[in-house]
Amino acid sequence: MAHNDDFQEEIGDNHIATSAINPIRKDAFDLSDEQKIEAIKKDVESILNTLGMDLTDDSLSGTPNRVAKMFVKEIFGGLNPQRKPKPSTFENNYKYGEMLVEKNIVVYSTCEHHLLPIIGRAHVAYISNGKVIGLSKMNRIVEYYAKRPQVQERLTMQIVQELQLALGTQDVACVLDAKHLCVNSRGIKDIESSTVTSEFGGKFKEEQTRREFLDYIKLETKF
9 MAHNDDFQEE IGDNHIATSA INPIRKDAFD LSDEQKIEAI KKDVESILNT
59 LGMDLTDDSL SGTPNRVAKM FVKEIFGGLN PQRKPKPSTF ENNYKYGEML
109 VEKNIVVYST CEHHLLPIIG RAHVAYISNG KVIGLSKMNR IVEYYAKRPQ
159 VQERLTMQIV QELQLALGTQ DVACVLDAKH LCVNSRGIKD IESSTVTSEF
209 GGKFKEEQTR REFLDYIKLE TKF
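Quick note on this note's numbering: the sequence shown kicks off at 9 and runs consecutively.
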């Protein structure tokens, strides 16, 4: 199928993901952060100039540099594997064998189709089979994968897969409820709707365990 403008627009408006892995080129880290900031700064200057903005104005003169630093160091910082959190796991010496739920983890991400914010909350759970993880590390894993151009379905899967790897168990679940500003502020301009995605592994695929998790987070959505 030809990747013409109409096809690309359809992909963006329908939030279609082409891969469960972020599409990153092999040479993505050949440039240093400082080199990327300088290059993006020039690109932002070009965009603002094309829009007719006066970059000599005091309010705008620093915008290209601020945006470039924000892209590299903050909202897309999760693209850099050097920023990946090292999950602190411990032996489950107290033999806690029930579900652990970390709910209402704030998510700030960016839609990869329009580069507009995704804002929501993640609810994450696991059942230990011998290891436990520091609570703050669960938040940091969510933040790391959120800080990149994303599709919500992919983000939900990546959170679960990373925790499964760290904990050595398939018994991990994540539900993510978020608003997409590409839906709320443009296009259909529906300010009320939100998007809910889920990924259930291991025991969470069983109805009883899944329902217990959903009861904990008080989510009425049926899956």
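C-beta atoms are modelled at their ideal positions from N, C-alpha and C, and glycine is treated no differently.
Could you check where the alpha helix (DSSP H) with residue i kicks off and where it finishes?
i      : result
Lys145 : Leu143 to Ala154
Tyr224 : Glu215 to Ile225
Arg129 : Segment Pro125 to Ile135 is the beta strand (DSSP E) holding Arg129; no alpha helix (DSSP H) there.
Would you mind sorting residue i into buried or exposed? The rule is 16 or more other CB atoms within 10 Å of its CB.
i      : result
Phe98  : exposed
Thr58  : exposed
Lys226 : exposed
Val168 : buried
Tyr134 : buried
Glu82  : exposed
Phe175 : Looking at the sequence shown, residue 175 is not Phe but Leu. Buried, since its Cβ has 16 or more Cβ neighbours within 10 Å.
Leu171 : buried
Ile199 : exposed
Tyr224 : exposed
Lys230 : Its pLDDT being 43, under 50, Lys230 is placed unreliably in this model, and the coordinates cannot settle the point.
Residue i by DSSP, collapsed to three states: which one?
i      : result
Met107 : strand
Gln178 : coil
Pro93  : coil
For residue i, collect the residues of the same chain with a Cβ closer than 7 Å to its Cβ; drop the 5 residues on either side in sequence, then sort them by chain order.
i      : result
Leu143 : Glu110
Thr203 : Gln160, Ala186 and His188
Could you name the residues of the same chain whose beta carbon sits closer than 8 Å to that of residue i, not counting the 5 residues immediately before and after it, in chain order?
i      : result
Arg218 : Ala181, Phe208, Phe212 and Phe231
Contact between the segment 107-122 and the segment 41-52: three or more CB pairs below 8 Å?
The answer is no - the segment 41-52 does not touch the segment 107-122, with fewer than three Cβ pairs under 8 Å.
If we count Cβ pairs, one from each stretch, closer than 8 Å, do we get three or more for the segment 90-106 versus the segment 61-76?
Result no; under three Cβ-Cβ pairs closer than 8 Å.
Okay, do the segment 86-98 and the segment 27-45 touch, 3+ Cβ pairs below 8 Å being the bar?
In this structure the segment 86-98 touches the segment 27-45; the number of beta carbon pairs closer than 8 Å is three or more.
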